[in-house]
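Engineer: Structure provided below as structure tokens; questions to follow.
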Amino acid sequence: MAAAIADWLWGWDPTPGIVSVAAEPDGRAIVWRRSAGELIREDVRFRPWMLVADAADLGPAVSVHELAGPGALRFFVRADHLDVLTAAVLRAESRRRGYAVRHLRDLPADTALALPPEEQYLVTTGRVYFRGLSYDELHRLQFDLETTGLDADRDRIFVIAVRDPHGRTTILEADGAGDSDAGEAALIARFVDHVRASDPDVIENHNLHGFDLPFLERRAQQLRVPLALGRAGPPGLRARPARRGVAPRTGDATRKVRYTIVGRELIDSMDAVRRHDFAAHDLPSYGLKAVARHYGLAEAEREEIPGAQVYDVWRRDRARVVRYASSDVAEAAALARLLGGGTFALAQMVPRRYERLAETGAATGMVDPLLVRAYIRSGAALPGHEPSDGTPHSGAALHLFAAGVAHRIVKADVASLYPSLMRSYRIGPARDRLDVLLALVDQLVEQRLAAKALGKAAPPGSGERFGYEAVSAAMKLVVNSAYGYLAAGSLTRFADVHAANEVTRRGREVLALLCRELAARGTTLLEADTDGVYVAVPQAWTEADERRVVAEVAALLPDKVQLEYDGRYAAMLSHEPKNYALQRYGGGLVMRGVAFRSSRAEPFGETFLRDAITRLFAGDVAGVRDVYLATITAFRQRAIATREVTARARLTKPPAEYYAARESRHELSYEAVIASGRTEWTVGERVHVYRAVRGRPALLAEDDDPRDYDIEHYVRLLRDTFATRLVRALAPDDYAAVFADPDQLSLFARPLDAARPILTRLASEPGVELEVRVDHDVGGESR
DNA sequence: TTGTCGCGGGG
DNA sequence: GTGTACGCGACAA
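Okay, structure coming up:
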């Protein structure tokens, strides 16, 4: 059985170093492998297959193998050509149903399961990508287009930056002014030659599928330049349907496509960024430059050129654009490596192409293929999808126990709560009779611990360490999606809402238990969400006391459910569920939730909040008023820079469209552009807008600072939008006094020296509501 | 005013 | 081939 489980997880064919697979419906496949740096091409044959519910009347060209056990998809059928097989199945189904079925997708889900040819090949051979290969052995090339605009029908490519697999960067430039067909065609042709000469296994860029590939494809098509980028087959990019693709030029615009190139894997670092942020939620934006900066990948003095100006700059100062484009490909390479290791490791388990795993969701894209391969490997029939019995899916627990300000905060949370509960209580899909999902989760959790240990033992910064960390990341991704798979409704074959609900029910139970036990040990509960809780501990406690109490509570939880001490903070402002500010013991402020951080919020608001909350945490309520008054005074003296009051906006409507509707509807951003004296703008342009005196919409130009903002508008915004984030932190009278109009100070005069932030307790433990105001400086010191 | 849809990115 | 957030702005009803 152990051997079977290893096969389920890793496949079984030992062939090392596969870097790309191309398979055709006629049963031909090409496998490219790397061995000691050399590229090896193998032309092989495979027999196309699918699973069907009924194998009667398929004719002599189709062989039939019946799988064991219950399950709708019981027949493993094969033919020499996928088209022959598909036609036989459609013919038989048409006869049975009494109407013409033209396409497999018109059949009910449980009638047939047909995978793309590459996946058929990988599933039946037990092969996977990259066995025994390290990430840095892959030959990766990055390229980046510089274009005169974003519309491939009108705009042109004038520069292509290429970073080859050895890290050398080449800047290809169009001749002359970059405005001729011949020059652009020659540029594309040189790019194609360059790629062929470099012969990369992987081609990468940020937004590769959203911009560079479709743009390149369109330009090459218009200029009739053959895009012979592949390692085999005719020139041209192949389109495949993809949810996150772009609308194709011809045909049905609702069917989106992505492009593929035979023998090379196309990797878009934007997919990795999205996937990463889905879990981490720490990125300010998904743009290349912002992400590179965030991860410290950007060079200190990187050349910056706003997108819309690159072409103009190039015509005046080519060297600047060369530096700019070189940085872009370097950052794309670094980003792809930083975030791509997990997917690389995943491709050593899941029988799909690397490029498909890079963009797919975990549940349907990774767990499902693993389950399908496991059942086929075990000769077992696959169950069909089960329609919902109407049971609603119940979610996680979220409790706000107290709002306001507290001190000496401890965060405790359960590591991988849902998979742990699945393992602990053996909760798996009812129809997974081989228990593959639980076996995979068990294996992954254990092997991940081993990989983490090996990674820690390897030298920091080494390729070895990178590899182990990548394996660990991939395993974590799959483990965490096991629950998502259960809860995925009708999307996944083994989805089981009852099992999913049992997992969340146990999760709520565990959260309630740990809240009660923490409270019983003298802490004040603040907020609990899904798998973690914030508490305030008594003043006298040391960090050792905190850790001891968390360990005591951890010991009460079920086997495999591990409560961890996640961190400690000097203070917390609890505003609303999932909206709070924390102060580290070192002094740094952490703001969470939309109430405290929004990309669109005017910068002065966040500055105000940071200053005010810092005073609040120091117990200095009078200081909060000082900050408020100082901000108002600064506005009235126009001492605040104009940029601080601007909001960022994107112009999404073409001028003609806006002018047409302008009679009935004014929009600040466009009015600001028009008021600035311009009548034209380009779609996608980013602007900084604000309200100038008498409410006039205004545009702020780069490096400009006219200080003509509408003072009272921004004073109101300060009071109504930003100050209200502190409403839970002060007693109503104090709040009114702190944010009273400075002009009426005498009427409301109230000494603030004695005022203190408050904490209002809303519930003593899960389900037990109360409302008690704690007026003193709370750290849960006495109970 | 309220509800639904689509975007986030790329030059 | 099948995707999942969350918050926001644009647009329609």
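Residues in the first sequence are numbered consecutively from 1221, following my numbering. Where a beta carbon is used, it is the ideal one built from N, C-alpha and C, also for glycine.
1. Do three or more CB pairs link the segment 1741-1752 to the segment 1619-1628 at distances below 8 Å?
2. Within 8 Å, do at least three Cβ pairs link the segment 1239-1250 to the segment 1301-1321?
3. Let me confirm a value: Arg1538 is counted as buried when at least 16 other C-beta atoms fall within 10 Å, else exposed. Which label applies?
4. With 16 as the cutoff for other CB atoms within 10 Å, does His1386 come out buried or exposed?
5. In the DSSP assignment, what are the bridge partners of Phe1363?
6. Which two residues bound the contiguous beta strand (DSSP E) that contains Val1634?
7. Is the distance from the Cβ of Arg1316 to the Cβ of Pro1234 below 8 Å?
8. Checking 8 Å against the spacing of the C-beta atoms, do Val1511 and Val1482 come in under that value?
9. Among Ala1774, Gln1759 and Ala1708, which residue has its Cα nearest to the Cα of Pro1732?
10. If distances are taken between C-alpha atoms only, which option among Trp1269, Trp1252 and Val1549 comes closest to Glu1262?
11. Short check: CB of Tyr1214 to CB of Gly1813, under 8 Å?
12. First and last residue of the alpha helix (DSSP H) that includes Asn1425?
13. Of all the options Arg1835, Ala1467 and Arg1572, which has the alpha carbon lying nearest to the alpha carbon of Tyr1341?
14. Taking just the CA atoms, how far does Val1239 sit from Gly1403?
15. With a threshold of 16 other CB atoms inside 10 Å of the CB of Val1730, please say whether the residue is buried or exposed.
16. Can you give me the C-alpha to C-alpha distance between Asp1924 and Thr1866, rounded to a whole angstrom?
17. Given this structure, state the Cα-to-Cα distance separating Val1998 from Lys1798, to the nearest angstrom.
18. Between which residues of its own chain and Thr1367 is the CB-CB distance below 6 Å, once the five residues before and five after are set aside?
19. Just how far apart, CA to CA, sit Leu1697 and Gly1843?
20. Counting pairs of Cβ atoms below 8 Å between the segment 1677-1693 and the segment 1345-1361, do you hit three or more?
21. Straight-line CA distance for Ala1448 to Val1412?
22. Any heavy atom of the ligand SAH closer than 7 Å to the beta-carbon of Ala1518?
23. Just the Cα atoms here: how many angstroms apart are Tyr1515 and Leu1407?
24. If I measure Cβ to Cβ from Glu1579 and keep anything under 6 Å in the same chain, skipping five residues before and after, which residues do I get?
25. List the whole-angstrom C-beta distance separating Leu1293 from Leu1327, where the pair is believed to meet the contact cut-off of C-beta under 8 Å.
26. Taking the straight line between their C-alpha atoms, what separation do you get for Tyr2006 and Arg1788?
27. Run through DSSP, which three-state label would Met1792 get?
28. Measure the beta-carbon distance from Asp1488 to Leu1559 and round it to whole angstroms, keeping in mind my assumption that it falls under 8 Å.
29. To the nearest angstrom, how far is the alpha carbon of Met1695 from that of Ile1596?
30. Would you kindly report the start and end of the unbroken beta strand (DSSP E) that includes Phe1296?
31. Excluding the 5 residues preceding and the 5 following Leu1652 in the sequence, name in chain order all residues of the same chain whose CB lies nearer than 6 Å to its CB.
32. Where does Ala1957 fall in DSSP's three states?
33. Tell me whether the segment 1699-1710 and the segment 1625-1645 touch, counting them as touching only if at least three CB pairs, one residue from each stretch, are closer than 8 Å.
34. Among Gly1527, Arg1360, Asp1928 and Leu1793, which one has its Cα closest to the Cα of Gln1857?
35. Based on the DSSP output, what are the partners of Gln1803 in its beta bridges?
36. Straight-line CA distance for Gln1442 to Gly1398?
Structural biologist: On the basis of the coordinates in this document:
1. yes
2. yes
3. Here the question's residue 1538 lines up with position 318 in the first sequence. Arg1538 should be labelled exposed.
4. As a first step, residue 1386 must be located in the first sequence, where it is residue number 166. Exposed, because fewer than 16 other Cβ atoms sit within 10 Å of the Cβ of His1386.
5. Start at 1 with the first residue of the first sequence, and residue 1363 comes out as number 143. Phe1363 pairs with Val1382.
6. Taking the first sequence and counting its residues from 1, the one referred to as residue 1634 is at position 414. Ala1622 to Val1634 is the span of the beta strand (DSSP E), which, as asked, contains Val1634.
7. Walking along the first sequence from the start, residue 1316 turns up at place 96. Walking along the first sequence from the start, residue 1234 turns up at place 14. No, Cβ-Cβ distance for Arg1316 and Pro1234 is not below 8 Å.
8. What you label residue 1511 is simply residue 291 of the first sequence in a count that begins at 1. What you label residue 1482 is simply residue 262 of the first sequence in a count that begins at 1. No, Cβ-Cβ distance for Val1511 and Val1482 is not below 8 Å.
9. For this step, residue 1732 is matched to residue 512 along the first sequence. Note that residue 1732 corresponds to Ala in the displayed sequence, not to Pro. Ala1732 has its Cα closest to that of Ala1774, out of Ala1774, Gln1759 and Ala1708.
10. Residue mapping note: residue 1262 aligns to position 42 of the first sequence, counting from 1. Per the Cα distances, Trp1252.
11. Not covered by the structure: residue 1214. The range shown for the chain is 1221 to 2003.
12. Residue mapping note: residue 1425 aligns to position 205 of the first sequence, counting from 1. Unbroken run through Asn1425 is the beta strand (DSSP E), Val1422 to Asn1425; no alpha helix (DSSP H).
13. On the first sequence, position 121 is the one that residue 1341 refers to. Among Arg1835, Ala1467 and Arg1572, the Cα nearest to that of Tyr1341 belongs to Arg1572.
14. If you number the first sequence from 1, residue 1403 lands on position 183. If you number the first sequence from 1, residue 1239 lands on position 19. Rounded to the nearest angstrom, the two C-alpha atoms are 34 Å apart.
15. On the first sequence, position 510 is the one that residue 1730 refers to. Val1730 is buried by the Cβ-count criterion.
16. Start at 1 with the first residue of the first sequence, and residue 1924 comes out as number 704. Start at 1 with the first residue of the first sequence, and residue 1866 comes out as number 646. Roughly 12 Å separates the two Cα atoms.
17. If you number the first sequence from 1, residue 1998 lands on position 778. If you number the first sequence from 1, residue 1798 lands on position 578. With a pLDDT of only 42 at Val1998, under 50, the local geometry of the prediction cannot be trusted, and the value read off the model is given with reservation. Distance between the alpha carbons of Val1998 and Lys1798: 20 Å.
18. Against the first sequence, residue 1367 aligns to sequence position 147. The answer, listed in chain order, is Asp1375 and Ile1377.
19. For the purposes of this step, residue 1697 is identified with residue 477 of the first sequence, where counting begins at 1. For the purposes of this step, residue 1843 is identified with residue 623 of the first sequence, where counting begins at 1. Answer to the nearest angstrom: the Cα atoms are 46 Å apart.
20. yes
21. As a first step, residue 1448 must be located in the first sequence, where it is residue number 228. As a first step, residue 1412 must be located in the first sequence, where it is residue number 192. Roughly 7 Å between the two C-alpha positions.
22. This structure lacks the ligand SAH, and indeed carries no ligand of any kind.
23. Your numbering for residue 1515 matches position 295 in the first sequence. Your numbering for residue 1407 matches position 187 in the first sequence. Rounded to the nearest angstrom, the two C-alpha atoms are 33 Å apart.
24. Translated into positions along the first sequence, residue 1579 becomes position 359. If we look at Glu1579 and ignore the five residues flanking it on each side, its Cβ neighbours are Asp1491.
25. Against the first sequence, residue 1293 aligns to sequence position 73. Against the first sequence, residue 1327 aligns to sequence position 107. Wrong, their Cβ atoms sit about 12 Å apart, outside the cutoff.
26. Nothing can be reported for residue 2006, as the shown portion of the chain is limited to 1221 through 2003.
27. Start at 1 with the first residue of the first sequence, and residue 1792 comes out as number 572. In this structure, Met1792 counts as strand in the three-state DSSP scheme.
28. Within the first sequence, residue 1488 is the residue found at index 268, counting from 1. Within the first sequence, residue 1559 is the residue found at index 339, counting from 1. Not quite, the Cβ-Cβ distance comes to about 11 Å (not below 8 Å), so this is no contact.
29. Stepping through the first sequence from its first residue, residue 1695 is reached at position 475. Stepping through the first sequence from its first residue, residue 1596 is reached at position 376. Near 22 Å, if we compare the C-alpha coordinates of Ile1596 and Met1695.
30. Stepping through the first sequence from its first residue, residue 1296 is reached at position 76. Looking at the DSSP string, the run of the beta strand (DSSP E) that includes Phe1296 is Phe1295 to Arg1298.
31. If you number the first sequence from 1, residue 1652 lands on position 432. With the sequence shown as reference, residue 1652 is identified as Asp, and Leu is not the correct amino acid for it. Here the set comprises Phe1714.
32. Indexing the first sequence from 1 puts residue 1957 at position 737. Here Ala1957 sits in helix by DSSP.
33. yes
34. By 1-based counting over the first sequence, the position of residue 1857 is 637. When only C-alpha atoms are compared, the closest one is Asp1928.
35. Numbered from its first residue, the first sequence carries residue 1803 at position 583. According to DSSP, Gln1803 bridges with Ala1791 and Leu1809.
36. For this step, residue 1442 is matched to residue 222 along the first sequence. For this step, residue 1398 is matched to residue 178 along the first sequence. For Gln1442 and Gly1398, the distance between alpha carbons rounds to 16 Å.
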